[in-house]
Ligand code: C2E
Ligand code: CA
Ligand code: CA
């Protein structure tokens, strides 16, 4: 945070100069590292009528606008953003209460083998219903991340997901090989007690480590501190799978695949979208398939919405898929139905996708 006496134009100019300073790479032991900065500016009048804490909050909001607009940008706070601050503060208050009252649920999206038609596992996704309306994770997860509430939220989803998987294993046939994939925020990874939390959850529900996968984005893997690598290695030694989420969207450096004991990658939806339409997306997916196979990593493609995409994925050698074609995330009560064997005709998949769709509305 830089505070200075400047007019509007010179504040912008200064921020731009700061941003451009970061164009040069940093020389670190591991090689050259490129970073970008996202800057937010807030201003007060000569009397300083906006207090310091409000100014910081306004600059913070403008900075998040820079991040949301693609990073590496300068944004000046304007009063239309005030409403979004009020909404964020209100959401944080509501989220805190929802967590205390157990109102956040885990819903489950199937991960399917295209060739066998069998459900291999589920991704647990946080869902929050308020007065009959679903608040989108795209709205509340960033608030949870910023406020630190992502730690209790993530732990709650982990606990629910393990509890539900244990229930499925106890009550339904052919469920011993199912795995549960849970999203892990970088904050949880850096909190220092993630290994204990996971060990506790596995013990509580008597689950083998192999039945749990933790999804981590490439960004979180950029932190290769001794503590992070040690935590990930300890989790892996429990048999827990570590999955790189949104693969291909973060950093082009793949060296983390060597440093971290990763077991699975998830091809991001943005590459799946263009299959059959853009040659470059097929080439990227083919390259990811080849890389995963060379490194002995499992592979899942996410965001599969059409039969055409599914056919391309099979042709390119990617078998595990997840997406609306096979069904969106559904509440735990629907999961046993999703496990029923099912023929693989186009219409049946589509019908199943519709059936396990939810009736809840989204705000
Ligand atoms: P993600 O981990 O990449 O999860 C996949 C998102 O894509 C989910 O959105 C899912 O509903 C959606 N999706 C799945 N198939 C399709 C498809 O065929 N088409 C389209 N358009 N979308 C599809 P959702 O549930 O809204 O979650 C958004 C993001 O919020 C997640 O992205 C994840 O980053 C975060 N999130 C959700 N639950 C948790 C959680 O428990 N912990 C943490 N740390 N993050 C979570
Ligand atoms: Ca995920
Ligand atoms: Ca993802």
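In my numbering, the protein residues as written are 779 to 1141. We put the CB at the ideal spot given by N, CA and C, even for glycine.
| query | Between the C-alpha atoms of residue 842 and residue 816, what's the straight-line distance to the nearest angstrom? | reply | As a first step, residue 842 must be located in the chain shown, where it is residue number 64. As a first step, residue 816 must be located in the chain shown, where it is residue number 38. Taking the straight line joining both Cα atoms gives about 8 Å.
| query | If you count every other CB in all the chains shown that lies within 10 Å of the CB of residue 1134, and 16 or more means buried, which is it? | reply | Residue mapping note: residue 1134 aligns to position 356 of the chain shown, counting from 1. Bear in mind that the predicted position of residue 1134 carries a pLDDT of just 47, short of 50, making it unreliable; the figure below should be weighed with that in mind. Buried, because 16 or more other Cβ atoms sit within 10 Å of the Cβ of residue 1134.
| 6 Å CB neighbourhood of residue 993 in its chain, flanking five on each side removed | For this step, residue 993 is matched to residue 215 along the chain shown. Apart from the 5 residues on each side of it in sequence, residue 993 sits with its Cβ closer than 6 Å to the Cβ of 959, 961, 1021 and 1023 in its chain, given in chain order.
| task | Kindly indicate which three-state DSSP category residue 949 falls into: helix, strand or coil? | result | Taking the chain shown and counting its residues from 1, the one referred to as residue 949 is at position 171. If DSSP states are grouped into helix, strand and coil, residue 949 belongs with the helices.
| said: ligand 3 and residue 1044: does any heavy atom of the ligand fall closer than 8 Å to the residue's C-beta? | reply: The sequence position of residue 1044 within the chain shown is 266, counting from 1. Under cutoff, so the answer is yes.
| Which residues mark the beginning and the end of the beta strand (DSSP E) in which residue 1054 is found? | Taking the first residue of the chain shown as position 1, residue 1054 is located at position 276. Per DSSP, residue 1054 belongs to no beta strand (DSSP E) and is neither H nor E.
| request: Let me have the residue list for ligand 2: C-beta closer than 6 Å to any non-hydrogen atom, ordered along the chain. | output: 901, 961, 993 and 1023
| said: Using CA atoms only, rank isn't needed, just tell me which of 986, 910 and 926 is closest to residue 944. | reply: In the chain shown, the residue the question calls residue 944 occupies position 166. Nearest option by C-alpha distance: 986.
| query | Which residue from 1113, 783, 799 and 995 puts its Cα closest to that of residue 825? | reply | For the purposes of this step, residue 825 is identified with residue 47 of the chain shown, where counting begins at 1. Of the listed residues, the one whose Cα sits closest to residue 825 is 783.
| query | How about residue 1036: is its Cβ closer than 8 Å to a heavy atom in ligand 3? | reply | Sequence index remark: in the chain shown, residue 1036 carries index 258 (1-based). Within the chosen limit of 8 Å, ligand 3 does not reach the beta carbon of residue 1036 with any heavy atom.
| query | Do residue 892 and residue 1091 come within 9 Å of each other at the CB atom, strictly closer than that value? | reply | Taking the first residue of the chain shown as 1, we reach residue 1091 at position 313. Taking the first residue of the chain shown as 1, we reach residue 892 at position 114. Cβ atoms of residue 1091 and residue 892: closer than 9 Å.
| field | Rounded C-alpha distance that separates residue 1067 from residue 878 | value | As a working note, residue 1067 is residue 289 in the chain shown. As a working note, residue 878 is residue 100 in the chain shown. Approximately 43 Å, taken between the alpha carbons.
| query | Hey, would you say residue 1101 sits closer than 9 Å to residue 1083, going by beta carbons? | reply | Translated into the one-based positions of the chain shown, residue 1101 becomes position 323. Translated into the one-based positions of the chain shown, residue 1083 becomes position 305. It is a contact, given that the beta carbons lie within the stated cut-off.
| Cβ pair residue 1018, residue 967 closer than 9 Å | Here residue 1018 refers to the residue found at position 240 when the chain shown is read from its first residue. Here residue 967 refers to the residue found at position 189 when the chain shown is read from its first residue. Against a cut-off of 9 Å, the Cβ pair of residue 967 and residue 1018 comes out as no contact.
| query | Do you know how far the Cα of residue 936 is from the Cα of residue 898? | reply | Locating residue 898 in the chain shown gives position 120, where the first residue counts as 1. Locating residue 936 in the chain shown gives position 158, where the first residue counts as 1. Each residue's alpha carbon lies about 18 Å from the other.
| message | Here's a check: name, in chain order, each residue in its chain whose Cβ is nearer than 6 Å to the Cβ of residue 1080, leaving out the five neighbours to either side. | response | As a position in the chain shown, residue 1080 is number 302, starting the count at 1. Contacts found: 1044, 1047 and 1100.
| field | Nearest-angstrom Cα separation, counted from residue 922 out to residue 909 | value | Here residue 909 refers to the residue found at position 131 when the chain shown is read from its first residue. Here residue 922 refers to the residue found at position 144 when the chain shown is read from its first residue. Distance between the alpha carbons of residue 909 and residue 922: 20 Å.
| task | Confirm, please, whether the CB-CB distance from residue 885 to residue 1039 is below 9 Å. | result | In the chain shown, counting from the first residue as 1, residue 1039 sits at position 261. In the chain shown, counting from the first residue as 1, residue 885 sits at position 107. No, the pair does not count as a contact, with Cβ atoms beyond the cut-off.
| First through last residue of the alpha helix (DSSP H) which encompasses residue 917 | In the chain shown, residue 917 corresponds to position 139, counting from 1. Following the DSSP letters along the chain, one finds residue 917 inside the alpha helix (DSSP H) bounded by residues 915-925.
| message | Can you give me the C-alpha to C-alpha distance between residue 1086 and residue 1026, rounded to a whole angstrom? | response | Position 308 of the chain shown holds residue 1086. Position 248 of the chain shown holds residue 1026. Those two C-alpha atoms are separated by around 21 Å.
| said: How far does the alpha helix (DSSP H) with residue 1162 in it extend, from its first residue to its last? | reply: Outside the displayed span of the chain (779 to 1141) sits residue 1162, for which this structure offers no information.
| DSSP puts residue 875 in a beta bridge; with which residues? | In the chain shown, counting from the first residue as 1, residue 875 sits at position 97. In the DSSP output, where bridge partners are listed per residue, residue 875 has none listed.
| said: On the criterion of 16 or more Cβ atoms from any shown chain inside 10 Å, does residue 1132 qualify as buried, or is it exposed? | reply: In the chain shown, the residue the question calls residue 1132 occupies position 354. Model confidence at residue 1132 stands at a pLDDT of 49, short of 50, so the residue's coordinates are unreliable; what they give is reported in the following sentence. Exposed, because fewer than 16 other Cβ atoms sit within 10 Å of the Cβ of residue 1132.
| said: Taking 9 Å as the threshold (C-beta atoms), are residue 839 and residue 818 in contact? | reply: Indexing the chain shown from 1 puts residue 818 at position 40. Indexing the chain shown from 1 puts residue 839 at position 61. Against a cut-off of 9 Å, the Cβ pair of residue 839 and residue 818 comes out as a contact.
| task | Measure the alpha-carbon distance for residue 1033 versus residue 942 and round it to whole angstroms. | result | Along the chain shown, read from residue 1 onward, the residue named residue 1033 stands at position 255. Along the chain shown, read from residue 1 onward, the residue named residue 942 stands at position 164. When rounded, the distance between both Cα atoms is 35 Å.
| field | Identified DSSP bridge partners for residue 899 | value | For the purposes of this step, residue 899 is taken as the residue at position 121 of the chain shown. In DSSP, residue 899 forms a bridge with 889 and 957.
| Nearest-angstrom Cα separation, counted from residue 789 out to residue 1229 | Residue 1229 cannot be examined here, being either before or after the span of the chain that is shown, 779 to 1141.
| said: Is any non-hydrogen atom of ligand 1 found closer than 8 Å to the C-beta of residue 1026, if you look at the structure I gave you? | reply: Here residue 1026 corresponds to residue number 248 of the chain shown, with the count starting at 1. Because no heavy atom of ligand 1 lies under 8 Å away, the Cβ of residue 1026 does not count as near it: no.
| message | I want to check one thing, is the minimum distance from the CB of residue 1047 to the heavy atoms of ligand 3 below 8 Å? | response | The residue you call residue 1047 lines up with position 269 of the chain shown. Yes; taking the cut-off as 8 Å, the Cβ of residue 1047 has a heavy atom of ligand 3 nearer than that.
| Going by C-alpha distance, which of 805, 847, 802 and 785 is nearest residue 739? | Because the chain spans 779 through 1141 in this model, residue 739 falls outside it and cannot be assessed.
| message | Quick check: residue 938 and residue 883, are their CB atoms within less than 9 Å of each other? | response | Translated into positions along the chain shown, residue 938 becomes position 160. Translated into positions along the chain shown, residue 883 becomes position 105. Against a cut-off of 9 Å, the Cβ pair of residue 883 and residue 938 comes out as a contact.
| query | Cβ of residue 1100 within 8 Å of any heavy atom in ligand 1? | reply | Within the chain shown, numbered from 1, the residue matching residue 1100 stands at position 322. Within 8 Å of the C-beta of residue 1100 there is at least one heavy atom belonging to ligand 1.
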